[in-house]
Each structure stands twice: as C-alpha cells, then as structure tokens.
Amino acid sequence: MNDRSVGVEVDATAKWLEERGIVGAAGLLRRVARQRDEAVRRLGLRPASPAYQVGAGECPSPRDLDAAAEAAMLRTEVARLQALAERASWVPDPDAKRLWRWRDGWWELSYRRRNPKDGYYDTGWYLWGPPGGYDGEWAARAKTAAMAEANRVIAEHRAATDEGDR
Numbered sequence: 003m004n005d006r007s008v009g010v011e012v013d014a015t016a017k018w019l020e021e022r023g024i025v026g027a028a029g030l031l032r033r034v035a036r037q038r039d040e041a042v043r044r045l046g047l048r049p050a051s052p053a054y055q056v057g058a059g060e061c062p063s064p065r066d067l068d069a070a071a072e073a074a075m076l077r078t079e080v081a082r083l084q085a086l087a088e089r090a091s092w093v094p095d096p097d098a099k100r101l102w103r104w105r106d107g108w109w110e111l112s113y114r115r116r117n118p119k120d121g122y123y124d125t126g127w128y129l130w131g132p133p134g135g136y137d138g139e140w141a142a143r144a145k146t147a148a149m150a151e152a153n154r155v156i157a158e159h160r161a162a163t164d165e166g167d168r
C-alpha cells in the first residue's frame, strides 16, 4: 500500500484513517505527500530548505523554478485540504455513536454507557483529543450539547497551544 516513504506523520495519519474506514482520505493524503516529496526531490532540496540562498550569486534554472512552484502549489493544496476538513465540523463514523473532527489533529466524540469499572461514571458523550489533548473527558448527555461543549473545549485547547508555541 505504501510503496514509497511519505514521512512518519503522514503514514501514521493515513493508517489511522484506514483503521476507521476512511480509505479515500488516506490515499489522498499519501498521494499528495508523495507529489510534494517528488517536487522537492526534482528541485534538489531538503524539504524545509529554500530553492537558493538570496545573495549567494546563484540563479535557479527554469526547471528549478517550475519545481519550486509545484512544491508551493502542493503546500497550498495540503493547507486547503486541512481547512476543508476543519470546516466539515463533526463527521459521523460508520459506528452511529461516534463523531470525528479535524482541528490541528483528530478529535473523537463517542457515546458511552455508564460503567465505573471502565472510567465512565455517567452515560453520555466523551471527548478524546490528539496526543497531549483530552483523554475521554465527559462532554454532555445529549449529542447537540456535547458537540457544542467539545467545540468550546477544542477552541480553548487550540488557543492555549497557540500561545505556547509563540
């Protein structure tokens, strides 16, 4: 399935998508990552390096400029794909009691019945976030209220992590 390496993060995300039955998105993610890597390879760059050093006296060839333009276009397409996934809001899983959302990482909202042995002290919706996020925290009893609460928690989490990165 993964004929060439597309990076650890991309491959892990694609496997995660496949495990949840979202095979089309996993294939698209791998294909875009391979196209990006191919454009960078043709340009002869490391993924995060500029095409050439300004003031170094070197001018890139037209072929290098084409590859740089393609790499920039692919970065734009990946950003657009992420924006569309964020705007999609909560997407139902094939399992009727589970919802997924992309907001700088995957978030899961799942319905659980009361079972203190498993840590579910109340029947309702629980929120899981990306690593370092939330791990099965109570959101609400009703689905609509749980989605609103999860969106609020995710917004707070993003604001806190954005301030930490700056």
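Okay, so the sequence shown: first residue is 3 according to my numbering, each after it adds one.
Beta carbons are placed, not taken as given, at the ideal position from N, Cα and C, and that holds for glycine.
Given the structure is predicted, the values throughout are model-derived calculations rather than measurements.
Near residue i, what residues of its chain come up, given a Cβ to Cβ distance below 7 Å and the 5 sequence neighbours on each side ignored?
| i | result |
| --- | --- |
| Leu76 | Val34, Gln37, Arg38, Ala41 |
| Gly138 | Gly121, Tyr128, Trp130 |
| Val155 | Leu129, Tyr136 |
| Lys99 | Ser112, Tyr113 |
| Trp140 | Asp124, Gly126, Tyr128 |
| Ala142 | Gly126, Trp127, Ala148, Glu151 |
For residue i and residue j, what's the separation of their Cα atoms in angstroms?
| i | j | result |
| --- | --- | --- |
| Leu19 | Ala28 | 6 Å |
| Val25 | Val93 | 15 Å |
| Ala147 | Asn117 | 21 Å |
| Glu72 | Ala81 | 14 Å |
| Glu79 | Tyr113 | 34 Å |
| Arg160 | Trp104 | 12 Å |
| Leu30 | Ala87 | 13 Å |
| Arg22 | Asp95 | 8 Å |
| Arg32 | Val12 | 7 Å |
| Ala70 | Leu83 | 20 Å |
| Ala144 | Leu101 | 13 Å |
| Arg115 | Asp164 | 34 Å |
| Asp106 | Arg43 | 27 Å |
| Ala85 | Asp68 | 26 Å |
| Pro132 | Trp108 | 6 Å |
| Lys119 | Arg89 | 36 Å |
| Ser91 | Met149 | 9 Å |
Label residue i either buried or exposed according to how many other C-beta atoms from any shown protein chain fall within 10 Å of its C-beta, with 16 as the threshold for buried.
| i | result |
| --- | --- |
| Thr15 | buried |
| Asp167 | At Asp167, the pLDDT of 49 sits below 50, so the modelled position is not reliable; the number obtained from the coordinates is stated separately. The residue is exposed, with fewer than 16 neighbouring Cβ atoms inside 10 Å. |
| Glu110 | buried |
| His152 | According to the sequence displayed, residue 152 carries Ala and not His. With 16 or more Cβ atoms within 10 Å of its Cβ, Ala152 is classed as buried. |
For residue i, which residues from the same chain have a beta carbon less than 8 Å from its beta carbon, with the 5 sequence-adjacent residues on both sides left out?
| i | result |
| --- | --- |
| Ala157 | none |
| Lys17 | Ala28 |
Within a Cβ cutoff of 6 Å, which residues of the same chain sit near residue i, ignoring the five residues on either side of it in sequence?
| i | result |
| --- | --- |
| Ala74 | none |
For the segment 87–126, list the alpha helix (DSSP H) runs that are entirely contained and at least 4 residues long, ordered along the chain.
none
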